[in-house]
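K.L.:
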Amino acid sequence: MTFNPPASLPSSTSQIINTRSGACMRPTVLGLYGISGAGKSFILKQLKDVLSHDGFMFVEGAEMISSVVPGGLGAFQGLSDEEKNKWRQLAIDQIAIQARRSNKTAIVTGHFMFWSGRLGEEQTVWTVKDAEVFTHIIYLDVAATTIADRTKLDKKRLRPEWPVDDLDTWQRCEIDQLRQQCQQHGILFSRVHLHTCALHQVAKLAQFFQQFAAIPNATRMVERLVRVLSDRDCVKDMILIDADKTLAAEDTGDMFWNMVKASHAGSWTRKLPSLKELFSGPMGYSETAFVQATLLYEEAVGEEDFDIICSTVARQVTMHPEFVALFELLQGRDDMQAVVVTCGIRRVWEKVLEQAGFSKVVKVIGGGRISDGIVVAAQTKADIVNCLRHFERLHVWAIGDSPLDLPMLEAAHDAIVVTGREQSRSLSMDAALAEAIETRGLKARQVLLPCNVSPRLSPDQLPVISFPDLLAEMRQEMPSYMKQRVGSTMLIATDKPAAKLLASPTRDANLAGVSLRDAHRKIGRYLALEYVSELLGLEEHPIPHVQGHEVAGHRLRHEDRTTIVAMMRGGEEMAFGVNDVFPRAMFVHAKSPGDVARHHVETQKTLILVDSVINSGKSVADFIGHVFRLDRTLRIIVVAGVVQAAAVAHEHGLAKMLRKHRIDLVALRWSQNSFTGTRTTDTGNRLFNTVHLAYGSCKSNGQPNIALELSNSASAPAKLMQQFLSYCERETHLWAF
0 MTFNPPASLP
10 SSTSQIINTR
20 SGACMRPTVL
30 GLYGISGAGK
40 SFILKQLKDV
50 LSHDGFMFVE
60 GAEMISSVVP
70 GGLGAFQGLS
80 DEEKNKWRQL
90 AIDQIAIQAR
100 RSNKTAIVTG
110 HFMFWSGRLG
120 EEQTVWTVKD
130 AEVFTHIIYL
140 DVAATTIADR
150 TKLDKKRLRP
160 EWPVDDLDTW
170 QRCEIDQLRQ
180 QCQQHGILFS
190 RVHLHTCALH
200 QVAKLAQFFQ
210 QFAAIPNATR
220 MVERLVRVLS
230 DRDCVKDMIL
240 IDADKTLAAE
250 DTGDMFWNMV
260 KASHAGSWTR
270 KLPSLKELFS
280 GPMGYSETAF
290 VQATLLYEEA
300 VGEEDFDIIC
310 STVARQVTMH
320 PEFVALFELL
330 QGRDDMQAVV
340 VTCGIRRVWE
350 KVLEQAGFSK
360 VVKVIGGGRI
370 SDGIVVAAQT
380 KADIVNCLRH
390 FERLHVWAIG
400 DSPLDLPMLE
410 AAHDAIVVTG
420 REQSRSLSMD
430 AALAEAIETR
440 GLKARQVLLP
450 CNVSPRLSPD
460 QLPVISFPDL
470 LAEMRQEMPS
480 YMKQRVGSTM
490 LIATDKPAAK
500 LLASPTRDAN
510 LAGVSLRDAH
520 RKIGRYLALE
530 YVSELLGLEE
540 HPIPHVQGHE
550 VAGHRLRHED
560 RTTIVAMMRG
570 GEEMAFGVND
580 VFPRAMFVHA
590 KSPGDVARHH
600 VETQKTLILV
610 DSVINSGKSV
620 ADFIGHVFRL
630 DRTLRIIVVA
640 GVVQAAAVAH
650 EHGLAKMLRK
660 HRIDLVALRW
670 SQNSFTGTRT
680 TDTGNRLFNT
690 VHLAYGSCKS
700 NGQPNIALEL
710 SNSASAPAKL
720 MQQFLSYCER
730 ETHLWAF
């Protein structure tokens, strides 16, 4: 498929982006923090040489205070703590105003606290305004011995010479408290260990923060989709798969952090919060929280160690064999594409797929490093589905296991919940699933991996489907007895005994009205039971047993999200028969394509188009074209009593349309006779005893008005009657069956 960045994103995605952009009107203000002697001013001066002055403004916090306080810093030092607090707030407010007016990212040096010499008696100078204005904090973590040496050698500034232990305690206390403040106020916190590459790391973070604030994550995600899918031209089905505890039983995030901590044994002096602590905190599972998780990965290990740990983790991951089978299926399909969408570490899952031999078949969208340029949160997954559905008009399958996957599952056409072992599955998923099903109308099914685990919820709420059945459904596989096909999407029952029995009454000239309508209705029931149910599949639901307990019943999959369209008048009775089998489906009468309105297809998954006869195929093609303009993602099945062979010849327009859009056509029989229907004595007139109303219109293109001859004939001789019947058989739908 050719996937180009949309000029305007789908409405749902645009709303998301606009909402976030509103939040981004707040200027980006980076705080450069660290205890006295950490090198904040030195780094700030270096940043002026490596970062663009068009995009950044560089501010010494003390200088800004000096500029706003009458009398400068000298006067400021003589003020009370309360007055100092007010001036500090005014200073940071001025920085925010300047950043907003200049449309630049401000980098500001600042102090969080001053040391008194005793833990618990330190003076915190962080203000309420600081919490409001700062969007990011970069903390310079310098060895206490280095700071002690700098203090002794610094001849320009007079600083207290604290013992190394005091400096270390001060720094640990400041990091812990500042990190906590940042979590409470939605400020991103990143700690940088000062070494020879410190400037590079700080500059990289500053550029990342600036760019991430300027371009919404949803827009970045669309750009990533462009790169992932640009070489696929024929894709019609997209399968989005969560990674951890879905694609495999393991949680690679936990595995990664266990290895990080093991590799830092003995030197892990700065305790990092775990991902569990982060996501259970004030940020929750927000997009900001996932950016913060990325910063934790950056803080924990450098690029080289990160890649080594990812490789080690990947070697310990075993994909479910069911997904291996799915990916093997995709290797031979150009019309289907799978993408792993993970809130976890992209590089781990790329390595997992690479070692399994699927790196060319399955792509990965995820984060873990700032170089990835995106983070994947729960809403990001839904954004991806919405882009694929509403812009590229693809049919989207979503497969996941946790509440983070619910937005994606709810947005997709087909939602599959992976239910794993009880001891490792998400504990909060049952309640979240039940709420989504009951209050937001989620229609999902579950696969059990392995197949012997207990299912979630009840079969009525979350029907169980086996993975082999799911694969068969994805590749639209038919059982062997249904492989009588004319073209790739047509199922004909012509030679089956049941079809011959059902067709006979419709070809009987003595039958009309109620009897003929009943025959058509039976055909509709038969085609629905025999073929449509196989094409669309079934789902289980509980029903009361006569002995008083519940047993599993079956109904059409997504029956309550199916629309049956009766092409009037001839298709009505067959459509009623289809509706008899699928009673929960919506029923629509349509004389012309325009009678099918948007509200008939919105939120629906399937449309069954029913007509008694497909002659030239033009009417059916017009209906299909109209429905696709309303919603290209609908699964369409055409049901007919009889189909003219020429209409489904390989190069015929209708046949091409069926192949292009993978539309199934089900018919009782097909005919080699060539006939062209009119509005005279057609099937509709026979069905409703209105043949006599059409007699006057039999004359066409110079043909004799046999109806008039009949009416003028006193005896209506048998020869003339035979002429009339032969004419009608040639020119109309009269003997369509």
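For the sequence shown, position 504 (counting from the first letter as 1) is numbered 503 according to numbering that gives the first Met the number 0, and the numbering increases by one without interruption. Glycine included, C-beta positions come from ideal geometry on N, C-alpha and C. Treat the numbers as computed from the prediction; the structure is a model and nothing was measured.
1) For Gln122, which of Trp114, Arg668 and Gln97 has the nearest alpha-carbon?
2) DSSP three-state label for Leu177, please.
3) So, using beta-carbon positions, are Val361 and Val338 closer together than 8 Å?
4) At a cut-off of 7 Å, would you count Ala313 as near the ligand ZN, judging by its Cβ distance to the nearest heavy atom?
5) What's the gap between the Cα of Arg87 and the Cα of Gln210?
6) Can you give the beta carbon distance from Glu533 to His553, rounded, assuming they're within the 8 Å contact cut?
7) According to the neighbour-count rule (16 or more other Cβ atoms, all chains shown, within 10 Å of its Cβ), is Pro406 buried or exposed?
8) Assuming Ser66 is part of the alpha helix (DSSP H), what are its boundary residues?
9) Let me make sure I understand the geometry here. Which of Ile344, Ala411 and Phe581 has the alpha-carbon closest to that of Glu297?
10) Leaving out the 5 sequence neighbours to the left and right, which residues in its chain are closer than 6 Å to His110 when beta-carbon positions are compared?
11) By the DSSP assignment, the alpha helix (DSSP H) with Pro541 in it spans what residues?
12) Where does the unbroken alpha helix (DSSP H) through His389 begin, and where does it stop?
13) Are the CB atoms of Pro462 and Ala431 nearer to each other than 8 Å?
14) Closest by CA to Ile369, which one among Gly301, Asp236 and Ala261?
15) Would you call the CB atoms of Ile136 and Gly36 closer than 8 Å?
16) Determine the contact status of His389 and Lys604, defining contact as a CB-CB distance below 8 Å.
17) Tell me whether the stretch 604-618 and the stretch 560-567 touch, counting them as touching only if at least three CB pairs, one residue from each stretch, are closer than 8 Å.
18) Hey, would you say Leu187 sits closer than 8 Å to Thr126, going by beta carbons?
19) With DSSP as the reference, identify every bridge partner of Ser669, one or two as the case may be.
20) Do Val595 and Val587 have their C-beta atoms within less than 8 Å of each other?
21) Judging by CA-CA distance, which residue of Gly419, Ile662 and Ala205 is the nearest neighbour of Glu249?
22) Let me make sure I understand the geometry here. Which of Glu82, Arg634, Asn684 and Lys617 has the alpha-carbon closest to that of Glu572?
23) Looking at the unbroken alpha helix (DSSP H) that takes in Ala505, where does it start and where does it end?
24) First and last residue of the alpha helix (DSSP H) that includes Lys103?
25) Please go through the stretch 120-160 and give each complete beta strand (DSSP E) segment of 3 or more residues, from N-terminal end onward.
26) Which parts of the stretch 65-92 are runs of the beta strand (DSSP E), unbroken and 3 residues or longer, counting only runs that do not cross its ends?
27) Quick one: complete beta strand (DSSP E) runs, 3+ long, within the stretch 306-394?
28) Using 8 Å as the cut-off, can you tell me whether the stretch 424-438 makes contact with the stretch 452-466, which would need three or more C-beta pairs spanning the two stretches below that distance?
29) Please list the terminal residues of the continuous alpha helix (DSSP H) segment that includes Asp413.
30) Going by DSSP, which residues form a beta bridge with Thr605?
P.N.:
On the basis of the coordinates in this document:
1) By alpha-carbon distance to Gln122, the top candidate from Trp114, Arg668 and Gln97 is Trp114.
2) Leu177: helix per DSSP, three-state reduction.
3) Val338 is positioned such that its CB atom lies closer than 8 Å to that of Val361.
4) Inclusion of the ligand ZN in the displayed structure is not the case, the ligand content being empty and no account of it being possible.
5) Straight across, the Cα-Cα distance linking Arg87 with Gln210 is about 28 Å.
6) Going by Cβ atoms, the distance from Glu533 to His553 rounds to 12 Å, so no, they are not a contact pair.
7) The residue is buried, with at least 16 neighbouring Cβ atoms inside 10 Å.
8) Element bounds for Ser66: Gly60 to Val67.
9) Ranking Ile344, Ala411 and Phe581 by Cα distance to Glu297 puts Ile344 first.
10) So the qualifying residues of the chain are Val124.
11) Segment Leu537 to Pro543 is the beta strand (DSSP E) holding Pro541; no alpha helix (DSSP H) there.
12) No alpha helix (DSSP H) contains His389, which DSSP labels as neither H nor E.
13) With respect to Ala431, Pro462 sits apart: the two C-beta atoms are not nearer than 8 Å.
14) The closest CA to that of Ile369, considering only Gly301, Asp236 and Ala261, is found on Gly301.
15) Ile136 is not a Cβ neighbour of Gly36, given a cutoff of 8 Å.
16) For His389 and Lys604, no; Cβs fall outside 8 Å.
17) Under the three-pair Cβ rule at 8 Å, the stretch 604-618 counts as touching the stretch 560-567.
18) Thr126 sits away from Leu187, with the two beta carbons spaced by 8 Å or more.
19) Checking the displayed sequence, the identity of residue 669 turns out to be Trp instead of Ser. Answer is Val642.
20) In this structure, Val595 places its C-beta atom within 8 Å of the C-beta atom of Val587.
21) The shortest Cα separation from Glu249 among Gly419, Ile662 and Ala205 belongs to Gly419.
22) Taking only the C-alpha atoms, the option nearest Glu572 is Asn684.
23) One point to set straight first is that residue 505 is Thr, not Ala, in the sequence displayed. Pro496 to Thr505 is the extent of the alpha helix (DSSP H) around Thr505.
24) First-last for Lys103: undefined, no H or E at that position.
25) The qualifying runs are 135-140.
26) Qualifying beta strand (DSSP E) stretches: none in this window.
27) Listed in chain order, they are 335-344 and 361-366.
28) Taking one beta carbon from each stretch, the stretch 424-438 and the stretch 452-466 have 3 or more pairs nearer than 8 Å; the two touch.
29) DSSP places Asp413 outside any alpha helix (DSSP H); the residue lies instead in the beta strand (DSSP E), whose first and last residues are Asp413 to Thr418.
30) Per DSSP, Thr561 and Arg634.
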